[in-house]
Each structure stands twice: as C-alpha cells, then as structure tokens.
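Student: Residue 25 is where the sequence shown starts when you use the working numbering, and the numbers rise one by one after that.
C-beta: ideal position from N, C-alpha, C; glycine also.
Structure incoming, see below.
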Amino acid sequence: MKLTTTAQVSVDGVMQGPGGPEEDERGVFERGGWAHFDDEAGTVMDEIYQRADAFLFGRRTYEIFAGSWGTWDDPGDSPIWTALHSKPKYVASTTPFDLQWADTTLLAGEVAAVGDLKAKPGGELQVHGSGALFRWLLDNDLVDEMNLFIFPVVVGKGTRLFPDTGRDRALELVESRATPSGVTIQVYRPTGRPQYATATAGLST
Numbered sequence: 025m026k027l028t029t030t031a032q033v034s035v036d037g038v039m040q041g042p043g044g045p046e047e048d049e050r051g052v053f054e055r056g057g058w059a060h061f062d063d064e065a066g067t068v069m070d071e072i073y074q075r076a077d078a079f080l081f082g083r084r085t086y087e088i089f090a091g092s093w094g095t096w097d098d099p100g101d102s103p104i105w106t107a108l109h110s111k112p113k114y115v116a117s118t119t120p121f122d123l124q125w126a127d128t129t130l131l132a133g134e135v136a137a138v139g140d141l142k143a144k145p146g147g148e149l150q151v152h153g154s155g156a157l158f159r160w161l162l163d164n165d166l167v168d169e170m171n172l173f174i175f176p177v178v179v180g181k182g183t184r185l186f187p188d189t190g191r192d193r194a195l196e197l198v199e200s201r202a203t204p205s206g207v208t209i210q211v212y213r214p215t216g217r218p219q220y221a222t223a224t225a226g227l228s229t
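Structure below.
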C-alpha cells in the first residue's frame with residue numbers, strides 16, 4: 025500500500041485543533057476551530073477518504089476520531105464516516121490502551137511494523153492528522169505522498185506540523201489547487217534532501 029498523510033494546517037504551519045475549540049487544548053490552546061471547509065475542499069477530503077484501504081493513527085488522533093466519528097450514527101451520505109467504519113484501523117502507540125473502536129489493531133514494532141503494513145495488498149494506507157506520527161514516518165522515509173490543506177488564517181500559536189529543527193526534505197509538487205474560499209490543497213512526494221546553493225567566489229555582498 026502507498027502510505028499517504030493528510031493534514032490541515034494554517035498559513036503559519038499550525039495543525040493543532042483545526043476542527044473545534046475542544047478538539048485539542050494541550051498547552052492551554054484556546055484557538056481551536058480555525059479550519060473552515062468550503063464545498064470544494066470538503067469534496068476533495070471526501071475523495072481522499074474514499075481511496076483508503078486502511079488507516080494508521082497516532083494515539084491522540086485515534087482517541088479524538090473514536091470519540092467523534094466512532095460514536096456518531098451513520099448519516100447516510102458521508103464518505104468519511106463510511107470509510108472510517110468499514111476499513112481497518114491501526115494505532116501506533118508504545119503503550120497499550122483501550123481500543124474503543126471496532127476493527128482496530130494496536131501496532132507495535134515501529135519501522136518494521138509499518139513496513140509490514142505497507143507491504144499488504146491494497147491502494148492507500150492513510151494517516152490523518154497525527155502530527156507526531158507524521159513526523160516520525162517522514163523521518164524514517166515511510167511517507168510516499170502528503171496532502172496539505174492550507175487554510176487562509178494565521179493562528180499565531182499552537183503545535184506546528186513541522187518542528188523548528190529537524191531533517192531537511194525536498195518535495196515534488198504533484199498537484200495544487202485553490203478553492204473559492206482560499207483553501208489551498210497541495211499534494212507532495214518526498215524526494216530526498218534538497219540541493220543547496222554553494223558559495224561563489226567574487227560575489228559582492
């Protein structure tokens with residue numbers, strides 16, 4: 025399976041609490057609920073979920089999803105609800121905990137376990153949110169493609185998708201679009217390290 029990640033981020037890179045004020049309040053974060061989908065952005069997200077053959081979550085994102093999507097009755101017209109309730113779910117966690125959602129497996133073994141999961145037949149193994157897991161997967165060269173929904177807002181504080189320091193990455197832009205309300209949707213593939221310019225003798229400053 026191809027491992028894809030999908031994240032909602034602000035222009036200043038914040039990914040914490042996009043859906044609502046009580047979604048993720050770690051660090052006394054009171055600015056949740058900044059990601060506002062228009063119809064086009066919502067359609068693209070639906071299409072992403074429809075491609076999923078399995079989901080891989082970090083523990084906190086799994087608990088958020090299980091406490092929301094996992095408890096809601098079938099609305100009858102939600103590709104996201106259907107995918108989350110019909111496809112297998114895996115949680116990467118170093119400690120056991122209560123798996124409160126049906127068809128969920130706790131994944132242990134880190135790199136080897138994710139590699140084995142990717143080796144299963146299928147289309148996409150999808151990671152949604154799960155910032156710490158996303159960064160770990162990227163650092164271990166396990167991400168094949170990433171979808172970034174960038175919302176036209178500067179949140180000003182909160183957990184960011186990428187840390188202040190970390191490994192460098194070159195990305196190939198696969199697809200780019202902007203929706204009527206200004207959400208930009210970028211699809212990237214990691215391609216290794218960036219190429220940096222070298223100093224040229226004789227250049228004036």
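Where S117 and V135 are concerned, what is the direct C-alpha to C-alpha distance, given to the nearest angstrom?
Tutor: One C-alpha to the other measures close to 12 Å.
Student: Go through its chain and collect everything with a Cβ distance to D188's Cβ below 7 Å, but skip five positions before and after it.
Tutor: Counting only Cβ-Cβ distances below 7 Å, and skipping sequence neighbours, we find nothing.
Student: So the alpha helix (DSSP H) D70 belongs to, where does it begin and stop?
Tutor: Start and end: D63 to Q74.
Student: Report the three-state DSSP secondary structure of V178 (helix, strand or coil).
Tutor: Coil.
Student: My parser needs the beta strand (DSSP E) runs of 3 or more residues fully inside the region 143–205; what are they?
Tutor: The qualifying runs are 148–152, 169–175 and 195–202.
Student: Would E71 be called buried (16 or more neighbouring beta carbons within 10 Å of its own) or exposed?
Tutor: Counting Cβ neighbours within 10 Å, E71 comes out exposed, since fewer than 16 surround it.
Student: Below 8 Å on the Cβ atoms is my contact criterion, and I expect E47 with T203 to pass it. Report the Cβ-Cβ distance as a whole number of Å.
Tutor: Not confirmed; about 22 Å, so no contact.
Student: Please classify L197 as buried or exposed, where buried requires at least 16 neighbouring CB atoms within 10 angstroms.
Tutor: That one is exposed.
Student: Where DSSP assigns a beta bridge to L27, which residues make up the other side?
Tutor: Looking at the DSSP assignment, L27 forms a beta bridge with L149.
Student: Alpha carbon to alpha carbon, how far is S205 from Q124?
Tutor: Their backbone Cα atoms lie some 36 Å apart in a straight line.
Student: Quick check on A223: does DSSP put it in helix, strand or coil?
Tutor: Three-state result, A223: coil.
Student: Comparing C-alpha positions only, which one of R55, R84, A78 and S34 sits nearest to F61?
Tutor: Nearest option by C-alpha distance: S34.
Student: In three-state terms, what does DSSP make of R213?
Tutor: Strand, per DSSP.
Student: With distances taken Cα to Cα, identify the nearest neighbour of R84 among Y212, R50 and R201.
Tutor: When only C-alpha atoms are compared, the closest one is R50.
Student: Looking only at its own chain, which residues have a Cβ that is under 7 Å from the Cβ of V178, when we skip the five neighbours before and after it?
Tutor: Counting only Cβ-Cβ distances below 7 Å, and skipping sequence neighbours, we find S34, V35 and D36.
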